[in-house]
Amino acid sequence: MATTAPLKPSLETLPSEVVEKIARFLPPRLDLGSFRLTNREIRDKIQGDFIKRFHHREVPLGIPALEELRQKTEGCDLGGQVRHCTINCLVYCTEEKFRADADERLRLLTAVFSNIKSPMTTGTLHSLSFKPVRRARINVETKTWQVTPPLRGRIVETTMMALERSGLSVDELDLSLSSEPGQCLHYDEFLDIANKLQQPSNVFSKVKIAKLKLASPRREGSATQSRSVASILHQISNIMPTLERLELSWIGYRFEGDFPSLNVNLTIGGTWSTGAKSCYLYDLIVSESVLLRFVESFRPTRLEMKRVRLVEGTKASVLSSLEQSYDLIPDAWGAAGAE
Numbered sequence: 052m053a054t055t056a057p058l059k060p061s062l063e064t065l066p067s068e069v070v071e072k073i074a075r076f077l078p079p080r081l082d083l084g085s086f087r088l089t090n091r092e093i094r095d096k097i098q099g100d101f102i103k104r105f106h107h108r109e110v111p112l113g114i115p116a117l118e119e120l121r122q123k124t125e126g127c128d129l130g131g132q133v134r135h136c137t138i139n140c141l142v143y144c145t146e147e148k149f150r151a152d153a154d155e156r157l158r159l160l161t162a163v164f165s166n167i168k169s170p171m172t173t174g175t176l177h178s179l180s181f182k183p184v185r186r187a188r189i190n191v192e193t194k195t196w197q198v199t200p201p202l203r204g205r206i207v208e209t210t211m212m213a214l215e216r217s218g219l220s221v222d223e224l225d226l227s228l229s230s231e232p233g234q235c236l237h238y239d240e241f242l243d244i245a246n247k248l249q250q251p252s253n254v255f256s257k258v259k260i261a262k263l264k265l266a267s268p269r270r271e272g273s274a275t276q277s278r279s280v281a282s283i284l285h286q287i288s289n290i291m292p293t294l295e296r297l298e299l300s301w302i303g304y305r306f307e308g309d310f311p312s313l314n315v316n317l318t319i320g321g322t323w324s325t326g327a328k329s330c331y332l333y334d335l336i337v338s339e340s341v342l343l344r345f346v347e348s349f350r351p352t353r354l355e356m357k358r359v360r361l362v363e364g365t366k367a368s369v370l371s372s373l374e375q376s377y378d379l380i381p382d383a384w385g386a387a388g389a390e
């Protein structure tokens, strides 16, 4: 009776979970990319949870870490699996060193974004956000690292310029760097960065969802803060013309005066449909005329305001104007009259 020789074991015969465990030990730059291209069976076995680990990627700003990430993503199709990027803003160097390395940091970050974009079919990240912005320096006396005020504007500017140069677009941009006036992005820094990018087509112009926490660059009175807010509201639609959802919070300093406060939840026709524009305004101090002009130009289907203080005009007048286009959501009347 003839006997058949036993089949030689191969990777294709192993269970998917075993193949994934093997893949975890391979460097992602070349070995892992080559491993996935061995054949269709191997590629399919590591397409599940293992690939999903690459959907969220934290991007450092330190030069050595950026260089390492550039090498890992170069020539590897796993970069195309990235969906969400978080910029890690903790940089262990002096301010002088950070500025001196600006060109090299921009070059490396542009290369990382280009490597991420290259294997993509859409060339678009689902989202980009920032970890709390801090810069660390050495305490000369204690020889330890300590956190100092952020280089927020320069970090955001470098990131936006790298996106611009790489051609990588972003659907959702989260600039909620901090809830502290001294650490979040200042409104004039945001406007300056937007003006520096190429027009009319740039990374801001393709953003669909924007989450902004902005502040005045110094302690300002209510009148000055309201003008700062007006500047943002006036320009935001031009900066982000394809915007579908805006969340704008103003992280301001306390100011003198008692102003009427709006807390409302409005929707056109009392309905809400997917894909329609929405707008959420929090802690703004603004005049009635500026607020109504913005709403008229942005034309959101849904509008929510919390602690929006009026330096000019009345709450009743604003609500009366808005109700010509919007229905107040039933349980929001109590909130509208609060404060």
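Here the working numbering is used: the first residue of the sequence shown is 52, the next is one more, and so on. A virtual CB, placed ideally from N, CA and C, is assigned to each residue, including glycine.
Original post:
How about R134 and L176: are their beta carbons less than 8 Å apart?
Top reply: Position 83 of the sequence shown, counted from the start, is the residue given in the question as residue 134. Position 125 of the sequence shown, counted from the start, is the residue given in the question as residue 176. Yes; because the gap between Cβ atoms is below 8 Å, this pair is in contact.
Subject >> Reference G303; option with closest CA among N289, R360, S329 >> reply: Reading the sequence shown from its first residue, position 252 is the one you call residue 303. Considering only alpha carbons, the answer is R360.
Subject >> Bounding residues of the beta strand (DSSP E) (the contiguous stretch that carries S220) >> reply: Taking the first residue of the sequence shown as position 1, residue 220 is located at position 169. 220 to 226 is the span of the beta strand (DSSP E), which, as asked, contains S220.
**OP:** Taking N314 as the reference, give the member of V258, V369, V254, S230 with the closest Cα.
**Re:** If you number the sequence shown from 1, residue 314 lands on position 263. For N314, the nearest C-alpha among the options comes from V369.
Subject >> Paired residues, beta bridge with M356 - DSSP >> reply: Stepping through the sequence shown from its first residue, residue 356 is reached at position 305. Paired residue(s): V315, L332.
Original post:
Rounded to a whole number of angstroms, what is the C-alpha to C-alpha distance between R353 and Q122?
Top reply: By one-based count along the sequence shown, residue 353 stands at place 302. By one-based count along the sequence shown, residue 122 stands at place 71. Each residue's Cα considered, the two are about 45 Å apart.
Original post:
Nearest-angstrom Cα distance between K328 and C140?
Top reply: Within the sequence shown, residue 328 is the residue found at index 277, counting from 1. Within the sequence shown, residue 140 is the residue found at index 89, counting from 1. Taking the straight line joining both Cα atoms gives about 31 Å.
**OP:** Specify whether the region 261 to 275 and the region 212 to 219 touch according to this definition: at least 3 beta carbon pairs, one from each stretch, less than 8 Å apart.
**Re:** no
Original post:
When DSSP labels each residue in this structure, what does L202 get in the three-state scheme?
Top reply: In the sequence shown, residue 202 corresponds to position 151, counting from 1. Of the three classes helix, strand and coil, the one that applies to L202 here is coil, per DSSP.
**OP:** Give the straight-line distance between the Cα atoms of H106 and A213, rounded to the nearest whole angstrom.
**Re:** Counting from 1 along the sequence shown, the entry for residue 106 is found at position 55. Counting from 1 along the sequence shown, the entry for residue 213 is found at position 162. For H106 and A213, the distance between alpha carbons rounds to 20 Å.
**OP:** Run the CB neighbour count on N166, radius 10 Å, all protein chains shown included, and call it buried at 16 or more, exposed below.
**Re:** As a working mapping, residue 166 is identified with position 115 in the sequence shown. It counts as buried.
Original post:
If you run the structure through DSSP and keep just helix, strand and coil, what is S368?
Top reply: The count along the sequence shown starts at 1 and reaches residue 368 at position 317. S368 falls in the helix class under three-state DSSP.
Original post:
Can you list, in chain order, the residues of its chain whose CB lies under 7 Å from that of N289, leaving out five sequence neighbours each side?
Top reply: Within the sequence shown, the letter at position 238 stands for residue 289. So no residue of the chain qualifies.
**OP:** Taking 8 Å as the cut-off, decide whether the C-beta atoms of T124 and V163 are in contact.
**Re:** Your numbering for residue 124 matches position 73 in the sequence shown. Your numbering for residue 163 matches position 112 in the sequence shown. A contact, by the Cβ cut-off of 8 Å.
Original post:
Comparing alpha-carbon positions, which option in L299, A281, V254 lies nearest L236?
Top reply: Counting from 1 along the sequence shown, the entry for residue 236 is found at position 185. For L236, the nearest C-alpha among the options comes from L299.
Original post:
How would you write the range of the alpha helix (DSSP H) that A162 sits in, first residue to last?
Top reply: By one-based count along the sequence shown, residue 162 stands at place 111. That run of the alpha helix (DSSP H) goes 153 to 168.
**OP:** Go ahead and pull the three-state DSSP assignment for T137.
**Re:** Residue 137 sits at position 86 when you count from the first residue of the sequence shown. Strand at T137.
**OP:** Let me know if S371 comes out buried or exposed under the rule of 16 or more other beta-carbons within 10 Å of its beta-carbon.
**Re:** The residue given as residue 371 occupies position 320 in the sequence shown. Exposed is the call here.
Subject >> Opening and closing residue of the alpha helix (DSSP H) in which L242 lies >> reply: Here residue 242 refers to the residue found at position 191 of the sequence shown. Start and end: 238 to 247.
**OP:** State the Cα-Cα distance for the pair T172 and F349, rounded to the nearest angstrom.
**Re:** Numbered from its first residue, the sequence shown carries residue 172 at position 121. Numbered from its first residue, the sequence shown carries residue 349 at position 298. Near 31 Å, if we compare the C-alpha coordinates of F349 and T172.
Original post:
Hey, would you say S338 sits closer than 8 Å to V362, going by beta carbons?
Top reply: Looking up residue 338 in the sequence shown gives position 287. Looking up residue 362 in the sequence shown gives position 311. In this structure, V362 lies closer than 8 Å to S338 by Cβ.
**OP:** Can you check DSSP and say which residues form a bridge with E363?
**Re:** Translated into positions along the sequence shown, residue 363 becomes position 312. The partner list for E363 (beta bridge, DSSP) reads S338.
Original post:
First and last residue of the alpha helix (DSSP H) that includes R121?
Top reply: Counting from 1 along the sequence shown, the entry for residue 121 is found at position 70. Element bounds for R121: 114 to 124.
Original post:
For A266, which beta-bridge partners are listed by DSSP?
Top reply: Position 215 of the sequence shown, counting from 1, holds the residue named residue 266. Looking at the DSSP assignment, A266 forms a beta bridge with H237.
Original post:
Around the C-beta of G321, are 16 or more other C-beta atoms found within 10 angstroms, so that it is buried, or is it exposed?
Top reply: Start at 1 with the first residue of the sequence shown, and residue 321 comes out as number 270. Because the pLDDT at G321 is just 47, under 50, the model does not fix this residue reliably, and the value given afterwards should be weighed accordingly. When all chains shown are included, G321 counts as exposed.
Original post:
In three-state terms, what does DSSP make of T209?
Top reply: Along the sequence shown, read from residue 1 onward, the residue named residue 209 stands at position 158. Here T209 sits in helix by DSSP.
Original post:
From L294 to K259, what does the alpha carbon distance come to, in whole angstroms?
Top reply: Here the question's residue 294 lines up with position 243 in the sequence shown. Here the question's residue 259 lines up with position 208 in the sequence shown. For L294 and K259, the distance between alpha carbons rounds to 4 Å.
Original post:
By how many angstroms is the C-alpha of S312 removed from the C-alpha of C330?
Top reply: For the purposes of this step, residue 330 is taken as the residue at position 279 of the sequence shown. For the purposes of this step, residue 312 is taken as the residue at position 261 of the sequence shown. So the two alpha carbons sit approximately 17 Å from each other.
Subject >> Sequence-distant residues of the same chain with beta carbon closer than 6 Å to L112, five excluded per side >> reply: Here residue 112 is taken as the residue at index 61 of the sequence shown, counted from 1. Taken in chain order, the residues that qualify are V142.
Subject >> Three-way DSSP call (helix, strand, coil) for E231 in this model >> reply: Mapped onto the sequence shown, residue 231 falls at position 180. Coil.
Original post:
What does a CB cutoff of less than 8 Å around R269 pick up in its chain, not counting 5 residues either side in sequence?
Top reply: Here residue 269 refers to the residue found at position 218 of the sequence shown. Excluding residues within five positions, none has a Cβ falling inside 8 Å.
Subject >> Cβ neighbours of S277 in the same chain (closer than 7 Å, five flanking residues each side left out) >> reply: Taking the first residue of the sequence shown as 1, we reach residue 277 at position 226. Within the same chain, S277 has close Cβ partners I336, V337, S338, V362.
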